[in-house]
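Q: Shown below is the structure under consideration.
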Amino acid sequence: EAGTAIGYGLGRMFTLVDPLPVVFTGSGAHAMDLLEPAIRAGIRDSAIDGVGADIAFSLADDVDELIFGAATAKGLAACDDEFARAGNAETREAA
29 EAGTAIGYGL GRMFTLVDPL PVVFTGSGAH AMDLLEPAIR AGIRDSAIDG VGADIAFSLA
89 DDVDELIFGA ATAKGLAACD DEFARAGNAE TREAA
């Protein structure tokens, strides 16, 4: 039932936003061979036209590395936004 619940949640999310690759981590990730069929069935049953049932699932054994990578990506994106805003302000001032 856990796989079905996860699949229903993902399917409903994929109805709102485009499907994205999903990374599973933690102790439950080791049971993906058992959970995956139920997760995919839950997505097919709950998403419009089953969209997302064929997305890529990956496993991340190192939770800390996953969190660090996500935090780094978010931080770099924030820096990019700041530089873009600063560049736009300088362009407007020069004009």
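Here the sequence shown is numbered in our numbering, starting from 29 and rising by one per residue. Yeah, the Cβ is synthetic: ideal placement off N, Cα and C, and Gly gets one too. These numbers were taken from a predicted model, which means no experiment stands behind them.
Is it buried or exposed for LEU44, if we count other Cβ within 10 angstroms and need 16 for buried?
A: Exposed, by the Cβ-count rule.
Q: Per DSSP, what are the beta-bridge partners of LEU87 in this structure?
A: Answer is PHE52, bridged to LEU87.
Q: Where does ASP73 fall in DSSP's three states?
A: Residue state, collapsed to three classes: helix.
Q: Just to confirm, are VAL50 and ALA84 a CB contact at a threshold of 9 Å?
A: Yes, these two residues count as a Cβ contact at 9 Å.
Q: Within 10 angstroms of the Cβ of PHE111, are there 16 or more other Cβ atoms? Answer buried if so, exposed if not.
A: Label assigned to PHE111: exposed.
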